[in-house]
Amino acid sequence: MEKKKLLKNKRTLLLALSSSLIMSTPVSASRGEDIENKLDSIFGPFVEIDNAINEKIDNIFNEDTYEIAKDEVSEIKDSAHGYADSLIDYNHENLEIVTFVPNEDPSEERKYFFVNSLVPGLPKIYYLDEEGNEVNRKSDDKRFKVKVKVHHTITEDESGSKYAFEEKTYEDLVTGEVWTNTVALSKDEPYLTNASSLTEFGVFEDIADVIPADLVKNEYKLGEVKDLTEYINNLDNSLAFDEELSLTR
């Protein structure tokens, strides 16, 4: 492999890494940084990544070999994620916690994830007939209008994909009745004791209702958000609302 081709591969890798991080990088408008500082916070890591790749290329040519080993590329990717974990900040007030099991006692099951409230949900609208089948908006059979906002969690699953939840608002076009599949939860009511099959997600607008007081901060690095996600999902760990729950049991 010629050095020109290897450098082309390096550029491709950098573009892939930058696209991945930019898509997952929330720019916090509430911090009041100017545009230059925001751009530096996003693209700064790639200067280090580029240097790391250059070093790898030099090592490869010194060793008279023409392939980048898989473990070396993996090491560079890990470095990129490490830089992101340490550089990306989230303000406490801009974080929310979503549970995918709002009807379950958190002492028995937990599926908690952080979302960035500054990122708007992706909107879409569709229509259903009386049987719940999707129909065209001009159809005479349409009965329900469904407004959807698709949100994505900050953390990823094992395959590198972000969890998503669809916040849906249903409107009965005949009766005018409106309901949603998402419920607001709090320290006083951390889950629904009266289970509803219509409720799919619960949202804690104040993450201090879940996170223990000694872990609450004004700002969190991306790496800290990942650690907190793991912490609050561990059934062995106590959460902020445990005392309130013990009083109601």
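Going by the working numbering, the residue at position 63 of the sequence shown is 918; the numbering climbs one at a time, nothing skipped.
Glycine included, each C-beta is placed from N, C-alpha and C at the ideal position.
None of these values were measured; they are calculated from a predicted model.
Alpha carbon to alpha carbon, what distance is there between residue j and residue i?
{"i": "S962", "j": "S1051", "result": "19 Å"}
{"i": "V1003", "j": "D1082", "result": "30 Å"}
{"i": "N958", "j": "H947", "result": "26 Å"}
{"i": "I1009", "j": "K993", "result": "37 Å"}
{"i": "V1071", "j": "E989", "result": "44 Å"}
{"i": "L1077", "j": "N1088", "result": "17 Å"}
{"i": "F1105", "j": "K997", "result": "Residue 1105 is absent from the model: the chain starts at 856 and stops at 1104."}
{"i": "E964", "j": "A1039", "result": "18 Å"}
{"i": "Y1018", "j": "I952", "result": "13 Å"}
{"i": "D1027", "j": "L1053", "result": "14 Å"}
{"i": "V970", "j": "V956", "result": "16 Å"}
{"i": "Y1086", "j": "D984", "result": "43 Å"}
{"i": "A1095", "j": "D960", "result": "14 Å"}
{"i": "N1073", "j": "N1092", "result": "22 Å"}
{"i": "V1080", "j": "Y982", "result": "37 Å"}
{"i": "K1042", "j": "I943", "result": "28 Å"}
{"i": "N991", "j": "F1020", "result": "24 Å"}
{"i": "I1066", "j": "D995", "result": "49 Å"}
{"i": "T1084", "j": "E1098", "result": "20 Å"}
{"i": "G976", "j": "E1044", "result": "25 Å"}
{"i": "P978", "j": "L1090", "result": "34 Å"}
{"i": "F968", "j": "E1011", "result": "9 Å"}
{"i": "E986", "j": "T1048", "result": "28 Å"}
{"i": "I890", "j": "D1069", "result": "Low confidence applies here, because I890 scores a pLDDT of 42, under 50, leaving its location unreliable; read the following figure in that light. One C-alpha to the other measures close to 34 Å."}
In this structure, does DSSP put residue i in helix, strand or coil?
{"i": "I943", "result": "coil"}
{"i": "N971", "result": "strand"}
{"i": "E959", "result": "coil"}
{"i": "E986", "result": "coil"}
{"i": "E948", "result": "helix"}
{"i": "K966", "result": "coil"}
{"i": "K997", "result": "coil"}
{"i": "A871", "result": "With a pLDDT of 48 at A871, under the threshold of 50, the predicted position of this residue should be treated as unreliable, though the coordinate-derived value follows. A871 falls in the helix class under three-state DSSP."}
{"i": "D889", "result": "Only weak support exists for where D889 lies, its pLDDT of 44 falling under 50; the value from the coordinates is given anyway. Three-state DSSP puts D889 in coil, outside helix and strand."}
{"i": "V928", "result": "The predicted position of V928 is uncertain, since its pLDDT is 48 and thus under 50; a value taken from the coordinates is nonetheless stated next. Reduced to three states, the DSSP call for V928 is helix."}
Please state if the CB of residue j and the CB of residue i are separated by a distance shorter than 9 Å.
{"i": "I1062", "j": "L973", "result": "no"}
{"i": "T1037", "j": "Y1025", "result": "no"}
{"i": "I980", "j": "K1000", "result": "yes"}
{"i": "T954", "j": "V1029", "result": "no"}
{"i": "Y945", "j": "Y1075", "result": "yes"}
{"i": "E1146", "j": "H1006", "result": "Outside the modelled stretch of the chain, which goes from 856 to 1104, sits residue 1146, for which no answer is possible."}
In the DSSP output, which residue or residues are listed as bridge partners for residue i?
{"i": "T954", "result": "Y967 and G1057"}
{"i": "I980", "result": "K1002"}
{"i": "Y1025", "result": "V1001 and W1034"}
Chain D beta carbons: is any one of them nearer than 9 Å to that of residue i?
{"i": "L1090", "result": "The structure shown contains no chain D, having only a single protein chain."}
Query - Entirely enclosed alpha helix (DSSP H) segments - the stretch 1028-1100, minimum 4 residues - result: Whole alpha helix (DSSP H) segments, 4+ residues: 1077-1087.
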